[in-house]
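To keep things clear, I will list the structure first and then write my remarks on it.
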């Protein structure tokens, strides 16, 4: 009756694949939510400026030491702020990559698999 599909065994394999895909989708959704809760902090100027981002790279807060507020140092302060934000965003990308690799390994997949996001 199901000769072309290899009998019911072929359908069973398909069901396993679908179940695995659904599990992966659920784990990715959970990871996406977790990336909103995980924060990383980047800094510049030996800690005078600190930027905190979610692991998704969304800027959450900025902490600036008041000692750097000198009118003549405006450009330096701006550069320090940008550097801290970029550092935080870089750390966020690294953290996201680490969490994705950990999830892939937990699922028995290669850690270096390329995901579409």
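In this note's numbering, the protein residues as written are 1 to 117. For each residue, glycine too, the CB sits at the ideal point set by N, CA and C. All values derive from a computational prediction rather than experimental measurement.
key: Unbroken stretches of the beta strand (DSSP E), 3 residues or longer, contained in the region 21-104   = DSSP runs (the beta strand (DSSP E)) wholly in the region 21-104: 39-44, 49-54, 59-64.
ask   = Using DSSP with H/G/I as helix, E/B as strand and the rest coil, what is residue 14?
value = It is helical.
ask   = To the nearest angstrom, how far is it from the Cα of residue 22 to the Cα of residue 32?
value = Residue 32 has its alpha-carbon roughly 15 Å from the corresponding atom of residue 22.
request  = Determine the closest residue to residue 30 out of 100, 40, 94, with distance taken between C-alpha atoms.
outcome  = Out of 100, 40, 94, 100 has the C-alpha closest to the C-alpha of residue 30.
ask   = Distance, Cα to Cα, residue 102 vs residue 40?
value = Straight-line Cα distance between these residues: approximately 18 Å.
request  = Decide yes or no for the touch test of the region 57-70 against the region 104-114: beta carbon pairs closer than 8 Å, at least 3 of them.
outcome  = No, the region 57-70 is not in contact with the region 104-114.
task = Determine the contact status of residue 65 and residue 48, defining contact as a CB-CB distance below 7 Å.
result = Closer than 7 Å, so yes.
message = What does the alpha-carbon distance come out to for the pair residue 2 and residue 15?
response = Caution is warranted here: a pLDDT of 49 is assigned to residue 2, below 50, making its placement in the model unreliable, and no coordinate value can be reported.
inquiry  = Report the CB separation of residue 83 from residue 44 in whole angstroms; it is logged as a contact under 8 Å.
reply    = The Cβ separation is near 4 Å, so the contact holds.
task = Round the Cβ separation of residue 51 and residue 42 to the nearest angstrom and send it over; I've been treating them as touching at under 8 Å.
result = In this structure residue 51 is in contact with residue 42, their Cβ atoms being roughly 5 Å apart against a cut-off of 8 Å.
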